[in-house]
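Numbering (the working numbering), first residue to last: 814 to 1183.
Just so you know, even glycine gets a beta-carbon here, dropped at the ideal spot from N, CA and C.
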Ligand code: PHE
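Have a look at this one:
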């Protein structure tokens, strides 16, 4: 067992040697600890205020040092103390590890470590379900880049340069793009609609696609806003597609998704890339459209009995002009498009009251959706 020696030589070399021996002894003892009781004894032996080894070192090496060596000895002893402290604190960890993993301590009759299986995130699950509704109608899935050009996010969707309609989407722009022509400048897509154009450039009509994916807007986060959220877009183009097809398709999709008793309602709206445009509401699937839950007002529909779900409309002929060369002659084809917020739908569907919960990664929250 290590004993603190009395020093006669206070030279740097001698102090160094004494400190090294002390550290070696301490780490050797740390490795020998085999039980809680031994750990406690080890700690006390080294750290006890009264006559612990560190206290002894303080007395013997520091207080006992001649005047001219005090400074040097003080520095050394302090270094040594913190090293010993580390070793003593670390000893606990080493002790636990030794007990649970050392070959002679493995109890093969114990049950194995259960590795929890993850589950789909509620937003992703909602997207998959909604996409499923449309793939069963014969739609294909299309995707596109999240970092988009001004051209695809705005210009080709009939948002003219400097048009105030761009202001309704608080765009996050990529820095350092001023050197490029406007249409090539990069931004985070504010909606999934650019994938309409990208897909029409690649595929000739007739076309039926559903487009899930993340989008970004410069909205400060609160209970119903997040700078990153998800949309599900749809586009159908063929000869003779009418607003009746739009209504019929979406009404069917909402009944599939929310249940056959929901009704849909279309109200006039505006989007640069659709004409006419509408907002579609579904009758509140929480209160059944009554606006009340027993004696209480229904909160999700704000007592109106209707919940706004998506934006939609007939593809504006100006949009087809941008993809005319891929076979989309606005005089020959027509189409409808729609876009909805997946996060919002997930909030409503699961009765979650704060969108931030979807993005905080707290397993106590996510575990409820397994
Ligand atoms: N892109 C629109 C938005 O984000 C939604 C939309 C999509 C509207 C397709 C009409 C047609 O607000």
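Beta-carbon spacing of residue i, residue j below 9 Å
| i | j | result |
| --- | --- | --- |
| residue 1182 | residue 1004 | no |
| residue 835 | residue 893 | yes |
| residue 1037 | residue 1157 | yes |
| residue 1018 | residue 1055 | no |
| residue 1132 | residue 971 | yes |
| residue 812 | residue 1154 | Residue 812 is absent from the model: the chain starts at 814 and stops at 1183. |
| residue 852 | residue 897 | no |
| residue 1129 | residue 1062 | no |
| residue 832 | residue 884 | no |
| residue 1076 | residue 1102 | yes |
| residue 996 | residue 968 | yes |
| residue 1010 | residue 1025 | no |
| residue 1078 | residue 1098 | no |
| residue 1161 | residue 932 | no |
Helix, strand or coil at residue i according to DSSP, with G and I counted as helix
| i | result |
| --- | --- |
| residue 816 | coil |
| residue 1004 | coil |
| residue 994 | coil |
| residue 833 | helix |
| residue 875 | helix |
| residue 1111 | coil |
| residue 1148 | strand |
| residue 912 | Residue confidence is low: residue 912 scores 49 on pLDDT, short of 50, so the model does not pin down where it sits. Its coordinate-derived value is still stated next. Three-state DSSP puts residue 912 in a helix. |
| residue 1020 | strand |
| residue 1094 | strand |
| residue 1120 | strand |
| residue 1125 | strand |
| residue 1050 | strand |
| residue 921 | coil |
| residue 1084 | strand |
| residue 1026 | strand |
Close beta carbons around residue i, own chain, < 8 Å, minus the five adjacent residues each side
| i | result |
| --- | --- |
| residue 840 | 900 |
| residue 1159 | 935, 936, 938, 939, 1165, 1171 |
| residue 862 | 868 |
| residue 987 | 960, 998, 999, 1000, 1001 |
| residue 1163 | 935, 1182 |
| residue 1142 | 1133 |
Own chain residues within Cβ distance below 7 Å of residue i, not counting five before or after
| i | result |
| --- | --- |
| residue 947 | 1023, 1047, 1066 |
| residue 1146 | 1018, 1050, 1051, 1052, 1133 |
| residue 990 | 998, 999 |
| residue 908 | With a pLDDT of only 46 at residue 908, under the threshold of 50, the placement of this residue in the model should not be trusted; the figure read from the coordinates follows. Around residue 908: 846, 852. |
| residue 1034 | 1040, 1169 |
| residue 1184 | Nothing about residue 1184 can be reported from this structure: the residues present for the chain run from 814 to 1183 only. |
| residue 875 | 886, 887, 890 |
Buried or exposed (CB count within 10 angstroms, at least 16 for buried), residue i
| i | result |
| --- | --- |
| residue 1029 | buried |
| residue 1107 | exposed |
| residue 912 | Residue placement at residue 912 is flagged as unreliable, the pLDDT there being 49, under the threshold of 50; a coordinate-derived value is accordingly withheld. |
| residue 966 | buried |
| residue 1105 | exposed |
| residue 842 | buried |
| residue 1173 | exposed |
| residue 1012 | buried |
| residue 923 | exposed |
| residue 1122 | buried |
| residue 829 | exposed |
| residue 1176 | exposed |
| residue 992 | exposed |
Which listed residue (the options) has its alpha carbon closest to that of residue i
| i | options | result |
| --- | --- | --- |
| residue 983 | 956, 1039, 1016 | 1039 |
| residue 1092 | 1099, 1098, 1084 | 1084 |
| residue 985 | 849, 962, 1074, 969 | 962 |
| residue 1027 | 1013, 1008, 1016, 1014 | 1008 |
| residue 847 | 918, 1140, 862 | 918 |
| residue 859 | 924, 850, 870 | 870 |
| residue 1139 | 1016, 826, 1033 | 1016 |
| residue 1095 | 1119, 945, 950, 1081 | 1119 |
| residue 1072 | 881, 1175, 942, 891 | 942 |
| residue 1082 | 877, 1148, 1125 | 1125 |
| residue 1090 | 1060, 825, 931, 837 | 1060 |
| residue 827 | 865, 878, 850 | 878 |
| residue 854 | 1163, 1109, 817, 904 | 904 |
| residue 1020 | 951, 994, 1080 | 951 |
| residue 814 | 1115, 824, 837 | 837 |
| residue 955 | 1031, 856, 1006 | 1006 |
| residue 824 | 880, 929, 925 | 880 |
| residue 817 | 865, 844, 1115 | 865 |
Heavy atom of the ligand ATP within 8 Å of residue i beta-carbon
| i | result |
| --- | --- |
| residue 1028 | You won't find the ligand ATP in this model; what it holds is the ligand PHE. |
6 Å Cβ shell around residue i - same chain, five flanking residues per side excluded
| i | result |
| --- | --- |
| residue 953 | 1022 |
| residue 819 | 873 |
| residue 1148 | 1049, 1050, 1054, 1128 |
| residue 978 | 972, 1085 |
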